[in-house]
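With UniProt numbering applied, the sequence shown closes on residue 332, and no number is skipped along the way.
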Amino acid sequence: MIDDKGFITLNDGTHTHYSYSYNSKEALNIVFVRTDLGPSFKWKVQENIGSDHLPILIELKKRQSVRVNIKKLWNLKRADWLSFTTFIDNEISKNPLTEDLDTNWNTLKKIMPTAAKYNIPRSKMKNKRPYLTSNSPSLQPLLEERKRIVDVLNSNNNNQDRIELNKVNAELKRKYAQMKRDKWNELCTSLDSRSSNGKLWKLVKNIGKEQPQVEKCNTIKNRDGTVARDDGQAANILGLHYQNISKLTFIGEDRHIRSRVSDIAHGCRSNTQDSIPIFNRDFTLPVLEAAIADLKLNKSHGPDGIHGRFRNKMGSIGILRFLDIINGSWKI
C-alpha cells in the first residue's frame with residue numbers, strides 16, 4: 001500500500017510501451033517519489049533500439065557537496081630507481097632496529113611510500129567516457145528513420161507504416177548484434193602470448209557471462225564409491241585423503257629414523273624446554289631474494305600499500321631490514 005499523501009507519480013501520461021502487433025499503447029512503467037523531492041525530478045521517455053519497451057530517463061536536480069577523489073597512479077616507467085634505493089638506505093640507517101616488531105614494520109612502511117613520492121612521478125587515471133551503442137554513426141540513419149515512421153504512425157495509424165516500422169526494428173537488432181559480434185572478434189584477435197593480464201582477464205569474464213550448458217557435478221567420492229552430497233563433505237574427503245598420503249611409512253630397518261620423526265613431531269606440539277626446535281631457523285638472504293624475484297610486480301598493492309616493484313628495488317640495507325622483520329615475525 002502506498003500513502004498518496006507521502007508520494008507522487010512522475011508519469012506525465014506519455015506511453016512507455018508500443019504493441020504494434022495489437023496496435024496499442026500503454027504506460028506500463030510508473031515511478032513514485034516523495035512529495036518533497038518531486039519538483040527536483042525530471043521524467044522523460046527516450047528513444048530505444050528496436051524494443052517495444054521505451055527507456056525512461058529520470059534526473060534528480062539537487063545540489064549537494066560531493067568530494068571528488070582524483071585517483072593517481074605511480075608512473076613506474078619514469079621512476080628514478082637509483083635515487084629511490086639510496087633514499088631508502090639512508091632513511092633506514094637513521095632508524096636503527098628496535099625490539100618492537102610493530103615499530104620496525106611501521107617505520108619501513110612509512111619510508112617506502114615517502115621514497116616513492118620523491119623519486120616516482122604520479123599521473124592521473126584516465127577518465128574514460130562511456131560509449132553508448134545508440135550513438136554509433138552506423139545506427140543513426142536507422143534511428144532517424146524509425147523516429148520518422150513513429151511520428152507518421154501516431155498520426156495516420158496505417159498498417160503499411162507499421163510494417164515498415166517492424167522492418168526498421170528488425171534491422172536495428174541485426175546491426176546491433178553484428179556490432180557486438182565484431183567487437184568480440186576484435187578482442188579475440190588482438191590477444192596473443194604477449195597480451196597483458198588485463199586483456200586476458202577481460203576475456204575470461206566475458207566468457208564467464210555465458211550460461212552453463214551442463215549442471216554442476218561433484219566427482220569426489222567416498223571409499224565406498226558414493227558421491228559427496230555437498231562441497232563440505234567433499235572438502236572433508238579430500239582432507240582425509242591428503243592426511244593419509246602424508247603419513248610416512250617405515251620398514252623394520254628404519255626404527256631409529258621412525259623414532260626420530262616421532263620425537264620431532266612431538267616436539268612441534270610441545271611447549272616444554274626439552275622440545276626439539278625446528279622452526280627457529282632464520283630465513284637467509286638468498287631465500288628472501290628468490291621469493292621477491294617470484295613476485296608478480298605488476299599486481300596492485302596489498303593492504304600495506306607497498307607496490308611489488310618497491311620491494312624489488314630496495315637496496316642492500318633495505319632488504320636486510322626487511323629480512324630482519326620477517327625473521328622476527330616468524331619467531332612470534
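All C-beta atoms in this analysis are idealised placements derived from N, C-alpha and C, irrespective of residue type, glycine included. All values reported here derive from a predicted model rather than from experimental measurement.
Query	Result
Integer-rounded CB distance, given that Arg309 should sit under 8 angstroms from Leu76	6 angstroms
Assigned exposure category for Ala116 - 16 Cβ within 10 Å defines buried	buried
Best match in Leu37, Trp105 and Pro141 for proximity to Gly305 [C-alpha to C-alpha]	Trp105
Per-residue burial, Gln301 [other beta carbons within 10 Å of its own, 16 or more giving buried]	One detail in the question is off: residue 301 reads as His in this sequence, not Gln. His301 is exposed by the Cβ-count criterion.
Beta carbon of Thr35 nearer than 8 angstroms to that of Ile8	yes
Alpha helix (DSSP H) runs wholly inside the segment 216-257, at least 4 long, in chain order	231-245
Touching by the beta-carbon criterion (3+ pairs, under 8 angstroms), the segment 323-331 and the segment 281-297	yes
Helix, strand or coil at Ser190 according to DSSP, with G and I counted as helix	coil
Local conformation of Ile8 per DSSP, three classes	strand
Bounding residues of the alpha helix (DSSP H) (the contiguous stretch that carries Tyr118)	Leu101 to Asn119
Leu165 vs Ile149 beta-carbon contact at 8 angstroms	yes
Leu142 and Leu172 closer than 8 angstroms at C-beta	yes
Coil, strand or helix - Phe283 by DSSP	coil
For Gly318, the nearest candidate out of Asn158, His307, Thr86 and Ala27 (CA to CA)	Thr86
Proximity of Met40 and Lys62 at Cβ, strictly below 8 angstroms	Before going on, a small fix: residue 40 reads as Ser here, not Met. Contact: yes.
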